[in-house]
Amino acid sequence: IEHLPYPKDVQVTFQNRDATSSEVEAAAAVIRKEANLHTNHPRLTPYGVMKE
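Here's what the structure looks like:
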């Protein structure tokens, strides 16, 4: 996300065919953290994130 200069909305789709729910949630957490740290604080919409 840091390479995007002015993001407002970030949509992420997780294809978790070969990943566990925990792995997908961990990846989503990293992306959420990056969005929160970005100076524009873009709105993040994750798709395909499941809780165990």
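Per my numbering, the sequence shown starts with residue 28, numbered consecutively.
Heads up, the beta-carbon is just placed ideally off N, CA and C, and yes, glycines get one too.
As the structure is a prediction and not an experimental result, all values here were calculated from the model.
query                                                                            : result
Segment limits, alpha helix (DSSP H) that includes Arg70                         : It is not in any alpha helix (DSSP H) - Arg70 instead sits in the beta strand (DSSP E) that spans 70-74.
Whether Gln38 touches Thr66 by CB criterion (7 Å)                                : no
Continuous beta strand (DSSP E) stretch holding Asp14: start and end             : It is not possible to answer for residue 14, since the shown part of the chain is limited to 28 through 79.
Among Asp45, Phe41, Leu64, the one whose alpha carbon lies nearest that of Ala54 : Phe41
C-alpha gap between Thr47 and Lys60, whole angstroms                             : 20 Å
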